[in-house]
Every structure is written in structure tokens, then in C-alpha cells.
């Protein structure tokens with residue numbers, strides 16, 4: 001692959017840093033200084049589209065004569081869209097073809113691609129099935145595209161795994177404590193039961209002693225009468 005001129009490289013790096021400092025809506029750009037001809041970005045799915053709540057990775061491949069020639073765009077995340085070929089992820093949009101102008105810049109290109117997610121152009125389709133469904137069975141197209149988003153582009157909330165693990169650990173600890181408490185209560189119950197039994201035996205012993213005393217008194221009275 002032919003390399004870009006140092007002036008072009010500097011211009012690209014400047015554009016990327018500007019995008020990082022002042023991001024375009026819903027777009028995050030990454031700078032790879034070792035190879036600025038591949039510009040990587042993440043696009044958040046626009047609201048009220050089947051791509052909402054998804055994060056889509058894509059890249060722009062800049063030709064050696066950029067910006068004279070347009071870059072090529074590819075979605076790295078699988079997506080169901082009329083203007084995106086599968087499985088290559090190639091993007092078809094006029095801005096990257098006949099409408100290209102050297103002064104458009106990377107910001108403009110990325111914003112056009114995100115707008116394409118809002119308003120597809122089935123007339124210039126690279127995915128004919130998606131284009132047909134969009135025109136003839138829109139609800140089915142929306143459902144299919146939404147399913148692709150959920151499966152391939154779903155966001156992962158940071159800390160959710162840790163929170164789940166913590167909750168599971170806490171639950172296990174709770175069960176262990178409950179089991180220990182249960183054993184303690186059981187042992188306590190046994191002890192209380194033993195104490196109760198001893199109390200009953202002591203009570204019974206006391207009653208027997210009273211009966212014996214009363215019997216002795218009766219015998220003593222009888223003996224006195226005889227005298």
C-alpha cells in the first residue's frame with residue numbers, strides 16, 4: 001500500500017484530534033498513529049431507528065491520494081441495512097462516490113454515514129433483501145434490523161457483571177448465615193427442651209416429696225390415736 005504524504009498525515013491527525021476534542025453527535029473517533037490510513041470510529045444508533053441503543057464499530061480506509069479520492073467506509077459491526085453490504089460491511093453512500101469533494105473532511109463523512117442510519121436509500125442498495133423489506137414490509141424490516149442491533153451491537157453496561165457477582169455472593173453468604181442461624185436456633189431449642197425436661201422432672205420430684213410428707217403425717221396421727 002502506498003503511503004500518504006507527511007502533510008496529508010498531519011492534516012488527518014489534526015482532523016481526528018479535533019473530532020476527539022469536539023465530537024460529532026453520536027460519534028467517537030479513535031486515533032491510531034501507527035496507521036492513520038485506517039480511521040476507526042464508533043457510532044451510537046440514532047433514536048427512533050431500529051439501531052437505537054446499539055454501538056456500531058466502523059472504519060474509513062483512506063487511499064494514498066486522499067483527499068483527492070474519497071475514502072471507503074466499512075461497518076465492522078454486523079448490521080441489517082439496505083446500504084451496507086454483508087458480510088464485508090461495505091457502505092454505499094453518494095458522499096463517498098460521485099458527490100465526493102476533497103474539502104469535505106472526516107467529520108462530514110462520519111456524519112453522513114450516521115444520517116444514513118436514519119434515512120436509508122433503498123434505490124442504491126447493497127443489501128437487496130433489506131431494501132425490499134424496507135419498501136414493501138417496513139415493520140418486518142424494522143424488527144429484523146432491531147434484532148441485529150440487539151444481537152451484534154448491544155451496549156454492555158460497565159459494572160453490571162460485578163454487581164451480579166456481588167449480589168450472588170451476598171445471596172450465598174446470606175444462605176450460609178441463615179443455615180448457621182438455623183443450626184444455632186435448633187441447638188438452642190434442644191437446650192431449651194432439655195432445660196424444660198429437667199424442670200418438669202424437678203417439679204415432679206417435688207410433688208412426690210410432698211405426697212410422701214403428707215403420708216408420713218397421716219401415719220403419725222394414726223399412731224398417736226392408737227396411743
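Residue numbers (the UniProt record's numbering): 1 to 227. Heads up, the beta-carbon is just placed ideally off N, CA and C, and yes, glycines get one too.
Residue i - containing alpha helix (DSSP H), residue span
i, result
"residue 106", "105-118"
Delimiting residues of the beta strand (DSSP E) encompassing residue i
i, result
"residue 65", "Residue 65 -> no beta strand (DSSP E), and no H or E assigned at all."
"residue 72", "72-75"
Neighbour-count burial assignment, residue i, 16 or more Cβ in a 10 Å radius
i, result
"residue 76", "exposed"
"residue 13", "exposed"
"residue 147", "exposed"
"residue 95", "buried"
"residue 87", "exposed"
"residue 43", "buried"
"residue 149", "buried"
"residue 155", "exposed"
"residue 130", "buried"
Expected contact under 8 Å - CB spacing of residue i and residue j to nearest Å
i, j, result
"residue 132", "residue 80", "At roughly 12 Å, the Cβ-Cβ gap does not stay under 8 Å, so residue 132 and residue 80 are not in contact."
"residue 107", "residue 31", "At roughly 14 Å, the Cβ-Cβ gap does not stay under 8 Å, so residue 107 and residue 31 are not in contact."
Separation of residue j from residue i, as counted between CA atoms
i, j, result
"residue 85", "residue 151", "18 Å"
"residue 97", "residue 70", "7 Å"
"residue 10", "residue 54", "32 Å"
"residue 121", "residue 111", "16 Å"
"residue 165", "residue 134", "At residue 165 the pLDDT is 42, less than 50, meaning the model places this residue with poor confidence; the figure from the coordinates comes in the next sentence. Going from the Cα of residue 165 to the Cα of residue 134 covers about 42 Å."
"residue 119", "residue 102", "24 Å"
"residue 92", "residue 117", "12 Å"
"residue 115", "residue 63", "23 Å"
"residue 104", "residue 66", "11 Å"
"residue 252", "residue 48", "Beyond the ends of the chain as shown, which are 1 and 227, falls residue 252; an answer cannot be given."
"residue 72", "residue 139", "31 Å"
"residue 74", "residue 125", "15 Å"
"residue 57", "residue 40", "7 Å"
"residue 16", "residue 29", "7 Å"
Where residue i falls: helix, strand or coil (DSSP)
i, result
"residue 159", "Interpretation of residue 159 is limited by its pLDDT of 47, a score under 50 that renders its predicted location unreliable; no figure is taken from the coordinates."
"residue 21", "helix"
"residue 139", "helix"
"residue 27", "strand"
"residue 195", "Reliability of the predicted coordinates at residue 195 is poor, the pLDDT of 49 falling under 50, and the value obtained from them is presented with this limitation in mind. Looking at residue 195 - three-state DSSP - the assignment turns out to be helix."
"residue 148", "helix"
"residue 44", "strand"
"residue 130", "helix"
"residue 52", "coil"
"residue 11", "helix"
"residue 239", "With the chain covering 1 to 227 only, the question about residue 239 has no answer from this structure."
"residue 84", "strand"
Residue-level contact to chain D via CB, residue i, 8 Å cutoff
i, result
"residue 95", "No chain D is present in this structure, which holds just one protein chain."
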